[in-house]
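A.B. asks: In UniProt numbering, the protein residues as written are 1 to 44.
Virtual Cβ for every residue (Gly too), placed ideally from N, Cα, C.
Note that the structure is predicted; figures quoted are calculated from it, not measured.
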């Protein structure tokens with residue numbers, strides 16, 4: 001799976017589990033196994 005897809009799927013799962021307001025960038029990246037740079041490269 002590509003990094004962008006991993007980030008999207010991880011974020012959707014966390015949003016469902018914890019809610020949008022309670023989910024942080026660090027949690028999404030940790031769950032996706034991605035770096036902050038990857039996030040910013042794919043989502044400008």
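Considering only the alpha carbon of each residue, which of 44, 1 and 35 lies closest to residue 25?
C.D. replies: 35
A.B. asks: Taking only three categories from DSSP, how would you classify residue 35?
C.D. replies: coil
A.B. asks: Grouping DSSP H, G and I as helix and E and B as strand, with all else coil, what is residue 4?
C.D. replies: helix
A.B. asks: Mind checking residue 32: buried by the 16 CB within 10 Å criterion, or exposed?
C.D. replies: Residue environment for residue 32: buried (at least 16 other C-beta atoms within 10 angstroms of its C-beta).
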